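Novice:
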Amino acid sequence: MKVKSAWQSILMSFVFLCSPFLLYVAFHDPHRCGHTNPEYGNFCEKFGNGEPGMGFIEDWHPIYYKPEQVQLPYFVQDTPAARQDVAAQYTTISRLDQGVGLILQELKAAGFENNTLIIYSSDNGIPFPSGRTNLYDPGMAEPLLISSPQPEHRHNEVTYSMTSLLDIVPTLLDWFNISYPHENEVKPILTGKSLLPLLVKEPAHDTGAVFASHSHHEITMYYPMRAVRTKRYKLIHNINYKMPFPIDQDFYISPSFQDLLNRTRSKKPLNWYKTLKSYYYRDEWELYDLKKDAEEVNNVASKPAYKNILLELKTRLDEWQKATADPWLCAPGGVLEAAGSFKKHPQCLPLDNF
Ligand SMILES: *[C@@H]1O[C@H](CO)[C@@H](O)[C@H](O)[C@H]1NC(C)=O
Ligand SMILES: *[C@@H]1O[C@H](CO)[C@@H](O)[C@H](O)[C@H]1NC(C)=O
Ligand SMILES: *[C@@H]1O[C@H](CO)[C@@H](O)[C@H](O)[C@H]1NC(C)=O
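Sequential numbering of the sequence shown, starting at 1, is according to full-length UniProt numbering.
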């Protein structure tokens with residue numbers, strides 16, 4: 001099968017339509033492979049590689065990595081099983097890379113290279129400990145690359161501004177010159193901002209923050225969290241903090257997680273920056289000073305020196321939850337009443353549950 005030919009026909013239909021288009025392409029590549037039965041390798045890294053039973057993708061040239069050569073991020077334990085797991089993901093990341101290359105080639109061949117804004121990102125962090133399903137940085141940090149066809153825009157530069165996926169919709173509306181109705185006219189309001197000004201220059205003062213929310217992953221994985229991150233600090237509210245942090249099916253059966261379980265059970269060294277117990281049980285409020293503690297291991301929420309920072313970030317998070325009509329606004333200490341006699345002045349009524 002050729003991935004390329006599928007793209008050619010999609011892009012050619014845009015040529016005939018001759019109208020502005022938004023094409024959203026989602027790759028499965030860096031994901032873990034299925035939920036419980038990774039028959040093509042833990043990251044589907046064998047899918048299409050030509051080995052018996054794996055099929056053959058004609059325009060993919062597999063790249064393999066040696067487990068002992070991979071660079072481990074700080075949140076993955078340094079053990080043979082985890083290294084093998086990371087090496088497998090590198091193979092699918094390189095397949096993703098080649099796939100993106102094919103799309104860019106076809107975009108150019110269809111004549112769209114000089115009028116198309118290209119945005120590359122992902123929906124969550126990587127499926128390793130503290131990554132996907134977490135609001136620690138490995139779970140929140142996503143790639144963001146923007147390529148503008150306009151020569152006067154910045155190219156091959158890095159921005160140090162805080163950006164988030166909530167900025168994508170405002171950016172696209174801005175690019176297509178479409179205005180969004182005022183907040184009195186329509187809900188939801190957009191809390192992100194257009195990223196197009198960043199293509200012109202870096203903002204002089206950036207006091208910006210990005211916000212994140214997570215409520216469910218799989219149906220049994222209820223663990224609501226809300227977070228605000230500035231350049232310097234991260235505040236996470238673990239709303240149902242008395243529950244153990246849930247683990248999803250595909251991550252559970254991964255070599256990395258099985259290795260952590262096996263080592264914990266047999267009391268072997270984990271070579272990890274946490275323990276399973278500290279991973280499962282979290283404080284209600286986690287505040288990290290990322291300048292001193294980029295790995296988010298030293299929760300300073302109860303430290304007197306950070307009292308004002310904590311208060312300021314709690315206020316910002318609360319304002320964002322109000323602006324986005326977050327149903328979890330009052331949890332876990334209260335219940336939000338917003339209808340009937342509370343319609344004009346919604347209130348958090350206390351549960352006396354602590
Ligand atoms: C796009 O711009 C480049 C550089 O100016 C030019 O060489 C190329 O022919 C243009 N492509 C199209 C399809 O107009
Ligand atoms: C948006 O407006 C700008 C400035 O008027 C114009 O150059 C651009 O072509 C417009 N973009 C679209 C997609 O209509
Ligand atoms: C964990 O232990 C089980 C049971 O002994 C074993 O089958 C499995 O291969 C081990 N996995 C890892 C990644 O160490």
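All C-beta atoms in this analysis are idealised placements derived from N, C-alpha and C, irrespective of residue type, glycine included. This structure is a prediction, so every number in the text was calculated from the model and none was measured.
Following the continuous alpha helix (DSSP H) through GLN105, name the residue where it begins and the one where it ends.
Specialist: 80–109
Novice: Decide if ASP29 is buried, meaning its Cβ has at least 16 other Cβ atoms within 10 Å, or exposed.
Specialist: buried
Novice: Whose C-beta lies closer than 8 Å to the C-beta of TYR160 among residues of the same chain, with five residues either side of it excluded?
Specialist: GLU202, ASP206, LYS231
Novice: Going by other Cβ atoms of all chains shown within 10 Å of its Cβ, with 16 needed for buried, is CYS330 buried or exposed?
Specialist: CYS330 is buried by the Cβ-count criterion.
Novice: Assuming SER194 and ASP174 make a contact with CB atoms under 8 Å, what is their CB distance in whole Å?
Specialist: 4 Å
Novice: Touching or not, the segment 215–227 and the segment 255–272, by the rule of three or more beta carbon pairs under 8 Å?
Specialist: no
Novice: Does DSSP put MET1 in a helix, in a strand, or in coil?
Specialist: Low local confidence applies: a pLDDT of 48 at MET1 is under 50, so the model's placement there is unreliable, and no value is given.
Novice: Using the beta-carbon count (16 or more within 10 Å), is LEU317 buried or exposed?
Specialist: Its Cβ being crowded by 16 or more others within 10 Å, LEU317 is buried.
Novice: At the level of alpha carbons, what is the spacing between MET1 and GLN249?
Specialist: Residue confidence for MET1 is low, a pLDDT of 48 falling below 50, so the modelled location carries little weight and cannot support an answer.
Novice: Can you name, in chain order, every residue of its own chain whose Cβ lies under 6 Å from the Cβ of GLN347, other than the five neighbours on each side?
Specialist: GLU337
Novice: So the candidates are THR324, LYS268, GLU295, PHE56; which of them puts its Cα closest to the Cα of THR79?
Specialist: Selected option, being the one with the closest Cα: LYS268.
Novice: Below 8 Å CB to CB, which residues in the same chain sit around LEU261 once its five sequence neighbours on both sides are set aside?
Specialist: LEU276
Novice: In whole angstroms, what separates the C-alpha of ASP259 from that of SER122?
Specialist: 27 Å
Novice: Can you confirm whether VAL228, when its beta carbon is compared against all beta carbons of chain C, has any partner nearer than 8 Å?
Specialist: Checking the listed chains, one finds no chain C in this structure; it contains a single protein chain.
Novice: Within 7 Å: the Cβ of GLN89 and any heavy atom of ligand 3?
Specialist: no
Novice: How many angstroms separate the CA atom of LEU166 from the CA atom of LYS234?
Specialist: 18 Å
Novice: Quick one: what does DSSP say LEU165 is sitting in, helix, strand or coil?
Specialist: Secondary structure of LEU165 (DSSP, three-state): helix.
Novice: Using a Cβ-Cβ cut-off of 8 Å (strictly less than) and excluding sequence neighbours within five positions of ILE189, which residues of its own chain qualify?
Specialist: For ILE189, where only same-chain residues beyond five positions count, the Cβ hits under 8 Å are GLU183, ALA323, THR324.
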